[in-house]
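Following this note's numbering, the numbering of the sequence shown begins with 1162 at its first residue and continues without gaps. Quick reminder that beta carbons are idealized off the backbone N, C-alpha and C, glycines included. Just so it is clear, the structure is predicted and the values come from calculations on it, not from any experiment.
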Amino acid sequence: MGNSDASPDGPVLVLAPFGRDARVVCSALRDVGIHALQQSSLSELVANLNDAAAAVIAEEALVHEHRGALAHWIANQPPWSDFPFVLLTLRTVQNGPALTELIELLGHVTVLERPLAATSLKSTVLAAIRGRRRQRQAEHYLLQLKRMADTLERRVQERTAQLSEANKRLREEMVERERTEVALRQAQKMEAVGQLTGGIAHDFNNLLMAIIGNLELIARRVEDERIQRYVRNAMHGAQRGAKLVGQLLSFSRKQRLAPEPVDVNQLVDTVAEMLSRTLGASIRVDVVTQKDLWPALVDATQLELMLLNLAINARDAMPQGGLLTIETSVLHSVPEDLRTDLRLGEYVSIAVKDTGTGMPPDVLARAFDPFFTTKEPGKGTGLGLSQVYGFARQSGGTAKIESEVGRGTVVRILLPRSTDAVVGGNDRQLGTPSVGERERILVVDDDSGVLETTRSMLDDLGYQAIAAESLDAALSTLSHQAIDVAIIDLAMPGVSGLDVGLELQRKQPGLPVVYCSGYPDLIEQTGKRMNGNLLLSKPFSSRELSATLETVLRAKTSQHSA
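Written as structure tokens, this is what we have:
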């Protein structure tokens, strides 16, 4: 066996303290290429065992020296190690128990009796080297397994962390999905009711148009106070009907709004002053406004109505009296729970707080639902809070409710911040209707009641009214005479009011047109295609009709003079 086969396993240590045994053994092993290293003492041998391939020890070396260090080394070998020893003994019957003790000490030991046969020595040592080599291989495999186990453990930890992060994202997505589904269900409810209310709004507003217009005409023609009282009562009922339609359109987000920069603090102060006079002595009204509050982009008139609406709800929740607080503040960023409702940006917050009975969770969950009410039959329409929600959403914001039984309720309206300056607050009420100068006004409407009412209102305002129930009748009128202004209902049977207006303008170029409708979807669809013509929503009063015509005729006069 060559040196290259044996040397890489480490030396074979030889310890035989007496005579020539050590030199003879080393010489015999070197003859077959084994790296044999003679040891001078047991302590030297123990010090070199970690790097050795095997050890050949004469029995007398263990009898005459202290064996504690060797015993300790053998007992503390690593799990893969079982170091091979070759023990050289003498043929004598007297060393039986002593030999047994040495065999137990060394553990993995092969006993050779002296005098030695060279062949037995060589084959025994070579076998010991091969055994130690396999142990070293086992060590290598174990080390590889430990590197693999460490890698696997690290990968498991990484995968566990990834799964944990994925589970976290999944939980967040589930929460977000649930929040979105809630918002979607609310939007679907509003859309469904909006389609219903939008569909009936046109007919209902036409009825109110005829009722309110004729009541105005009657009021101007009679002086009997009793009849005037009847007219006022009827007008009050008609206006309540118009307000109800407005509420329906508001919560379904189909009411036309006129947003402008509004000083919310000033508006809140005005509303609070009015509430302090109307809610009763048992309810105290407080206002907490943030200094330097941003303007809000909102329809001021509708915002006033919403705050009054909320104040009435708060009053009903405090039958024994309490505190109503209106508080303003700013929202610099959109919180996580409102990102399905609001675009990123800055908002103005108006909170209406009461110290009333509060809402249980099941009622709170349905508070914004249209027609939902906890009041007795006849005491409420169930449109108050849904109207507030619809108004806020249509204004580009949202509304939210916080409530707890016995702790009161907070309704918060969030409105987009306006970066424009607030326009000076002028009185929004229209003045006395101006009198026309017998200008010819063509009225086109398929509803005979509305047509007759509008014609009478125009005559009463000093204009010459010409009625037409269809496009053909309107074109026939233009073929006989020129007119100054056309008032056209947008919802015409078989043809849209917009097409009617275009045909009339082709017939008489430059003809000013005023479109009117009580159907909000139609107004929204045609609003961008009206080419600057004005729009009048039904039901309209004589004042509104007069103001619109005055605007149109003034613009017409300016164009002609230019």
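- Secondary structure in the segment 1412 to 1481: the beta strand (DSSP E) runs of 3 residues or longer, each lying completely within the stretch, are 1421 to 1423, 1444 to 1449 and 1457 to 1459 in chain order.
- Exposure of Phe1179 is indicated by the presence of fewer than 16 other C-beta atoms within 10 angstroms of its C-beta.
- Around Asp1243, the same chain offers His1269 as residues with beta carbons nearer than 6 Å, after the five sequence neighbours per side are excluded.
- Counting only residues of its own chain and dropping the five nearest sequence neighbours on each side, Ala1213 has a CB closer than 6 Å to the CB of Gly1171, Pro1172 and Leu1174.
- Shown here, Pro1522 sits in a helix according to DSSP, grouped into three states.
- At a Cβ-Cβ threshold of 8 Å, Glu1507 and Trp1455 count as neighbours.
- Inclusion of Ala1652 and Leu1672 in the CB contact set at 8 Å is not warranted, their separation being larger than that value.
- In this model, Gly1482 and Val1446 are separated by some 11 Å (Cα to Cα).
- Taking a cut-off of 8 Å on C-beta distances, the segment 1190 to 1200 does not touch the segment 1225 to 1235, as fewer than three cross pairs fall below it.
- Per DSSP, the beta bridge partners of Ser1564 are Thr1570.
- Sequence-distant Cβ neighbours of Asp1606 in its own chain, meaning closer than 6 Å and more than five residues away, are Leu1612 and Asp1650.
- Contact between Glu1220 and Leu1248 holds: their C-beta atoms lie close to 6 Å from each other, under 8 Å.
- Counting only unbroken stretches of 3 or more residues, the beta strand (DSSP E) elements lying wholly within the segment 1201 to 1264 are 1215 to 1219 and 1246 to 1251, in sequence order.
- Ser1678 sits buried, since 16 or more C-beta atoms from the chains shown fall within 10 Å of its C-beta.
- For Leu1710, the closest alpha carbon among the candidates Leu1636, Tyr1624, Ser1657 and Ala1635 is that of Tyr1624.
- Rounded to the nearest whole angstrom, the C-alpha separation of Ala1371 and Val1392 is 14 Å.
- With a cut-off of 8 Å on Cβ pairs, the segment 1297 to 1308 is not in contact with the segment 1204 to 1213, counting fewer than three such pairs.
- Taken through DSSP and simplified to helix, strand or coil, Gly1398 comes out as helix.
- Asp1311 carries a helical assignment under DSSP once its states are collapsed to helix, strand and coil.
- Rounded to whole angstroms, Ala1478 and Asn1470 show a C-alpha spacing of 13 Å.
- Arg1599 has its alpha-carbon roughly 15 Å from the corresponding atom of Thr1615.
- Judged by pairs of C-beta atoms under 8 Å, the segment 1495 to 1504 does not touch the segment 1517 to 1526, as fewer than three such pairs exist.
- In the DSSP assignment, Gly1610 falls within the unbroken alpha helix (DSSP H) covering Ser1609 to Asp1621.
- Taking 8 Å as the upper bound for CB-CB distance, Val1572 and Ala1560 are in contact here, some 6 Å apart.
- Under the three-state reduction of DSSP output, Leu1198 falls in the strand class.
- Contact check for Leu1458 against Pro1420 passes: the beta carbons are separated by less than 8 Å.
- Counting only the Cα atoms, Leu1603 lies some 15 Å from Leu1697.
- In the three-state reduction of the DSSP assignment, Ala1643 falls in the coil class, being assigned neither a helical nor a strand state.
- Residue state for Gly1171 is assigned as coil, using DSSP reduced to three classes.
- Bounds of any beta strand (DSSP E) do not take in Val1383, whose DSSP letter is neither H nor E.
- Linking Asn1328 to Glu1342 through their CA atoms gives a straight-line distance of about 20 Å.
- Of all alpha-carbon atoms in His1196, Pro1670 and Leu1575, the one lying nearest the alpha-carbon of Leu1492 is that of Leu1575.
- The beta carbons of Gln1555 and Leu1418 sit about 6 Å from each other, so the pair counts as a contact at 8 Å.
- Ranking Asp1660, Leu1659, Glu1664 and Leu1376 by CA distance to the CA of Leu1639 puts Glu1664 first.
- The beta carbons of Ala1475 and Leu1485 sit about 5 Å from each other, so the pair counts as a contact at 8 Å.
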